[in-house]
Structure formats: structure tokens, C-alpha cells
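Worksheet: one structure, shown below.
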Amino acid sequence: MLAQISPWYAHAAQRTAAAPAHALAAPARMEWSTHAGIGPGAEILGRDLCGKRVLELGCGPGHNVAHIAKHHQARVTGVDLVGLQVRRARSHYGHIDGATFAAGHALHHLQATGQTFDTIYSVFGAVGLVAPELLLAAISRRLEPGGVLAFSVPHPARAGRHPSTDDRPREDYVTMPDRTRLPLARWEFDACRWGAHLSRTGLRVTSAVELRHPRRDPWPTTLLITARKR
1 MLAQISPWYA HAAQRTAAAP AHALAAPARM EWSTHAGIGP GAEILGRDLC GKRVLELGCG
61 PGHNVAHIAK HHQARVTGVD LVGLQVRRAR SHYGHIDGAT FAAGHALHHL QATGQTFDTI
121 YSVFGAVGLV APELLLAAIS RRLEPGGVLA FSVPHPARAG RHPSTDDRPR EDYVTMPDRT
181 RLPLARWEFD ACRWGAHLSR TGLRVTSAVE LRHPRRDPWP TTLLITARKR
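Taking full-length UniProt numbering, the leading residue of the sequence shown gets 1, the next gets one more, and so forth.
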């Protein structure tokens with residue numbers, strides 16, 4: 001029920017109605033932004049991911065999971081709240097060795113799994129959409145010592161906005177494939193506030209990068225943060 005009232009369910013339903021899912025080749029590059037080719041790729045997750053256990057929180061149709069499994073030979077699990085998205089991901093990339101997909105809430109998955117991971121990441125996924133004090137603590141518990149967390153979120157200064165001045169979420173929206181907008185709650189912190197939240201859970205920020213398209217965007221559109229477990 002939670003998934004079916006989520007705007008992400010409506011988003012997946014529109015995508016599914018527009019085009020049936022079919023097997024795809026793994027993308028040649030991992031993307032952190034809405035603009036392809038902007039910023040770093042999977043290298044920020046670690047120099048050698050071969051055989052590593054990797055978890056994506058909010059995998060959508062599975063493009064990044066497929067890239068990391070195919071091109072870096074990691075064992076990657078993609079979790080998504082919406083079962084429709086997981087079915088799409090399996091249809092696209094279920095044939096790729098090392099890529100697996102599971103439906104569920106990111107926080108609940110972290111709390112229930114008995115696994116630990118070398119790397120956890122989120123690309124406009126669960127980080128920023130789930131209460132940080134809960135989600136970041138659960139991520140830290142599931143990361144191996146020295147493990148990497150990387151996440152990209154909409155930049156809090158995009159389109160002339162300003163970062164949150166407190167730890168509460170604020171109203172945002174997600175644009176559907178048909179260009180309609182549905183509301184959601186999002187935590188919109190600057191790098192400093194994210195760093196403070198991460199530090200409380202034993203994670204230390206190692207980089208914070210602002211991404212924007214050099215010709216289309218006067219403001220940064222994406223904030224990409226990497227942290228390491230102490």
C-alpha cells in the first residue's frame with residue numbers, strides 16, 4: 001500500500017504504460033545527475049569493485065546496478081519501493097551476472113537484511129526522501145569499516161532555491177513522464193548539514209561536488225556527496 005500511494009508508483013506506472021520493458025545491454029557509464037555525462041562515474045565508489053558487495057537504495061529501472069555488475073564485476077543489489085520498478089529492472093537486466101533486485105522500503109530493507117556491504121549508494125533515491133537520522137544510521141550499521149557511502153540529491157540551491165535552515169523536510173514535487181507534478185517531502189540540506197548528520201552515524205565526508213550542465217543550468221542541479229565509515 002505504501003508503494004501504491006507514492007508518486008514513484010505513478011511515475012513507474014506511466015513508464016510501464018508507455019513502453020514495455022525488455023532486455024537491455026548494461027550502460028557504459030554510471031550517472032549521478034539528470035544530465036548524462038556530467039560529473040564522475042562509478043570510480044568514486046572505489047578503485048576496485050570486483051567481487052565487492054554493493055547496495056543501491058532506490059534503484060529505479062536498474063541502469064546503475066547493471067553498469068556496476070557488468071563493467072566492474074561487483075555483486076550488486078538494487079532495492080526500490082515500487083514493485084513495478086523492480087519488475088522493469090529485472091526485465092531490463094535480470095540476465096546480467098551479479099545484478100539482483102528487490103522490492104521494499106530502503107530503511108526496512110537495511111533493518112531486515114543480515115548482510116553488510118562494501119559500498120552503498122543512492123542516485124536521487126532514498127537518501128533525501130527518508131528521515132536522515134534513521135536512514136543514515138541504518139546505512140552505517142550495514143557498511144563494513146572503511147566502506148563507502150555515495151549519494152546524489154537535487155541541489156538545495158537549484159533554480160534559485162535555498163538550503164533548509166533546520167532539519168525538517170519541506171515540500172517538493174516530482175515531475176511525471178507526462179509532465180504533471182506530484183508532491184513529496186524532501187530533506188534539502190547543504191553539504192555542511194549533510195556532513196553533520198553523517199558524522200553522528202560514524203561516517204566522514206570525503207568529497208562534496210556540485211554538478212550542473214555547463215550550458216543549460218545557471219545554478220547547480222545536483223549535490224553529490226561521498227563519505228567513508230570510520
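The beta-carbon is built from N, C-alpha and C at its ideal position, and this holds for glycine as well. Source: prediction; values computed, not measured.
By the Cβ-count criterion, residue 188 is buried, with 16 or more other Cβ atoms from all chains shown falling within 10 Å of its own Cβ. Its chain contains 26, 28, 42 as the residues whose beta carbon lies nearer than 8 angstroms to that of residue 71, once the 5 sequence neighbours on both sides are disregarded; these appear in chain order. Short of 7 angstroms from the beta carbon of residue 140, and not among the five residues preceding or following it, lie these beta carbons of its own chain, in chain order: 201, 202, 203, 229.
Taking the C-beta atoms as reference points, residue 159 is found no nearer than 7 angstroms to residue 198. No Cβ-Cβ contact shorter than 7 angstroms links residue 179 with residue 117. Only residues of its own chain outside the window of five on either side were considered, and among them none has a CB closer than 6 angstroms to the CB of residue 166. Secondary structure note for residue 82: it is in no alpha helix (DSSP H), with a DSSP letter that is neither H nor E.
Every unbroken stretch of the alpha helix (DSSP H) spanning 4 or more residues and falling wholly within the segment 88-153 is given here in chain order: 106-112, 132-142. The DSSP-derived three-state label of residue 68 is helix.
Under the three-pair Cβ rule at 8 angstroms, the segment 120-135 counts as touching the segment 147-158. Counting along the chain, the unbroken beta strand (DSSP E) around residue 207 starts and ends at 203-211.
Per DSSP, residue 165 has no beta-bridge partner at all. For the pair residue 162 and residue 194, the Cα-to-Cα distance works out to about 15 angstroms. If you draw a straight line from the Cα of residue 217 to the Cα of residue 34, it is about 12 angstroms long. Just measuring C-alpha positions, the residue of 83, 30, 19, 84 sitting nearest residue 69 is 30. For residue 183, the uninterrupted beta strand (DSSP E) segment begins and ends at 181-186.
The segment 87-96 makes no contact with the segment 44-52: fewer than 3 CB pairs, one atom from each, lie closer than 8 angstroms.
Per DSSP, reduced to three states, the secondary structure at residue 56 is strand. In this structure, DSSP gives residue 227 an extended state, which the three-state scheme calls strand.
By the neighbour-count criterion, in which 16 or more other beta carbons inside 10 Å mark a residue as buried, residue 219 falls on the exposed side. In chain order, 82, 84, 85 place their CB closer than 6 angstroms to the CB of residue 12, counting only its own chain and leaving out the 5 sequence neighbours on each side. With contacts defined by Cβ atoms closer than 7 angstroms, residue 104 and residue 79 form a contacting pair.
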